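A short write-up of the structure that comes next.
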Amino acid sequence: MITNYFRPETIKEALELLSQPDTRPLGGGTWLNQPHDEKFVVVDLQALGLNKIHKAGNNLDIDACVTLQQLLESPECPVALKQAIRLDSSLNIRSTATVAGSLVSGDGRSTFATAMLALDAKITTTTDQSTETSGIGEFLPLRPTGLITKISIPLNFKTAFEMVARTPADKPIVCAALAQWTSGRTRLALGGYGKAPTLAMDGTESDGIDSAAQNAFHEASDEWASAEYRMDVAITLSKRCLEAVSSNQ
Ligand SMILES: Cc1cc2nc3c(=O)[nH]c(=O)nc-3n(C[C@H](O)[C@H](O)[C@H](O)COP(=O)(O)OP(=O)(O)OC[C@H]3O[C@@H](n4cnc5c(N)ncnc54)[C@H](O)[C@@H]3O)c2cc1C
1 MITNYFRPET
11 IKEALELLSQ
21 PDTRPLGGGT
31 WLNQPHDEKF
41 VVVDLQALGL
51 NKIHKAGNNL
61 DIDACVTLQQ
71 LLESPECPVA
81 LKQAIRLDSS
91 LNIRSTATVA
101 GSLVSGDGRS
111 TFATAMLALD
121 AKITTTTDQS
131 TETSGIGEFL
141 PLRPTGLITK
151 ISIPLNFKTA
161 FEMVARTPAD
171 KPIVCAALAQ
181 WTSGRTRLAL
191 GGYGKAPTLA
201 MDGTESDGID
211 SAAQNAFHEA
221 SDEWASAEYR
231 MDVAITLSKR
241 CLEAVSSNQ
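With our numbering as the guide, the letters of the sequence shown map in order to residues 1 to 249.
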């Protein structure tokens, strides 16, 4: 339950407020406004101006408060990421939910988080002590606290996204996102299960992608599907992603 609300106009002021106990950043509020057992104070980030998308060389810098819909509509957004965002949530949620809030609250069924993991997104977090940038692979399992100000993704690669769900608009039972750089570096992320998407492979080439996909899901059993089913589907989707990036020379 939200017990108090602040809307600072500078990052310095926001950091001072966030240094107080039981105080959380408020992005779009689509998750934070749901009923919660704990009591906490929120610091609304909307007046900080963290809402721009900027191409910097081979990277796309996405401010923390950019909405999923804003990113989806950006001409610079990679096609596979657009596909993953569209599947992540409805237009109403996408128009309000921010990129930072979505990465902090998204679970393993988040198609957005899965695609960002494949793209090796970098997350910039600021505290009153320092500013640090970490890879999404380190960020997702820990979800460290601190104010996220920016998320960067590379643009110099080919990418593909595939998913299996009960219906085309449902959350995935298995989804696969693949990014491949001109050097041959290949990153495969799998979603559809657990508390966070899984990085199945980050190699200098794509050999062994099927066994990487299989190994990543060998314990991925829940009420939606068995691990055996997920392993089979993960292999198929990973190969499809690889074919898609190979045919898109
Ligand atoms: C109907 C509905 C269905 C959903 N289904 C799913 C689902 O199936 N799978 C799934 O993964 N998610 C699901 N979600 C959650 C969805 O991922 C979130 O609602 C949304 O993406 C959160 O974005 P937000 O900007 O609204 O975050 P908020 O609600 O504002 O915040 C979410 C969390 O992120 C933190 N946060 C926000 N901004 C920052 C920042 N800049 N720096 C640091 N921390 C920050 C907040 O403190 C909070 O802990 C669903 C939500 C709704 C409303």
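We put the CB at the ideal spot given by N, CA and C, even for glycine.
Please read these numbers as outputs of a predicted model, since none were measured by experiment.
message: Taking the straight line between their C-alpha atoms, what separation do you get for L32 and I148?
response: Here residue 32 is taken as the residue at index 32 of the sequence shown, counted from 1. Here residue 148 is taken as the residue at index 148 of the sequence shown, counted from 1. If I take the Cα positions, the gap works out to 16 Å.
Own chain residues within Cβ distance below 6 Å of I151, not counting five before or after: Within the sequence shown, the letter at position 151 stands for residue 151. Within the same chain, I151 has close Cβ partners I62, V99, A121 and I123.
query: CA-CA distance, E162 and S238?
result: As a working note, residue 162 is residue 162 in the sequence shown. As a working note, residue 238 is residue 238 in the sequence shown. Their Cα atoms are separated by approximately 8 Å.
- request: Would you check whether ligand 1 has a heavy atom nearer than 7 Å to the C-beta of G29?
  value: The residue given as residue 29 occupies position 29 in the sequence shown. G29 Cβ: within cutoff of ligand 1.
- prompt: Identify the residues that DSSP records as bridge partners of Y5: which are they?
  reply: Within the sequence shown, the letter at position 5 stands for residue 5. Note: Y5 is bridge-paired with V42 in the DSSP secondary-structure output.
field: Residue ranges of each beta strand (DSSP E) within the segment 23 to 85, 3 or longer
entry: If we require 3 residues or more, the beta strand (DSSP E) runs fully inside the segment 23 to 85 come out as 23 to 26, 40 to 44, 53 to 56 and 59 to 63.
- request: Take V41 as the anchor and find which of K55, T3 and T96 has the nearest alpha-carbon.
  value: As a position in the sequence shown, residue 41 is number 41, starting the count at 1. When only C-alpha atoms are compared, the closest one is T3.
message: Within 8 Å, do at least three Cβ pairs link the segment 190 to 202 to the segment 96 to 115?
response: They touch, by the three-pair rule.
Beta-carbon gap between T127 and G146 smaller than 8 Å: Position 127 of the sequence shown, counting from 1, holds the residue named residue 127. Position 146 of the sequence shown, counting from 1, holds the residue named residue 146. Against a cut-off of 8 Å, the Cβ pair of G146 and T127 comes out as a contact.
- request: Check the C-beta distance from V245 over to L178 and give it rounded, since I have them as a contact under 8 Å.
  value: Your numbering for residue 245 matches position 245 in the sequence shown. Your numbering for residue 178 matches position 178 in the sequence shown. Correct: roughly 6 Å between the Cβ atoms.
task: My understanding is that A216 touches T198, with C-beta atoms under 8 Å, so please give their C-beta distance in whole angstroms.
output: Locating residue 216 in the sequence shown gives position 216, where the first residue counts as 1. Locating residue 198 in the sequence shown gives position 198, where the first residue counts as 1. T198 and A216 do touch by the CB rule: their CB atoms are close to 5 Å apart, below 8 Å.
query: From the DSSP output, which residues share a beta bridge with V245?
result: Against the sequence shown, residue 245 aligns to sequence position 245. Checking the DSSP bridge columns, you'll see V245 has no partner listed.
task: Determine the contact status of A212 and I173, defining contact as a CB-CB distance below 8 Å.
output: In the sequence shown, counting from the first residue as 1, residue 212 sits at position 212. In the sequence shown, counting from the first residue as 1, residue 173 sits at position 173. With respect to I173, A212 sits apart: the two C-beta atoms are not nearer than 8 Å.
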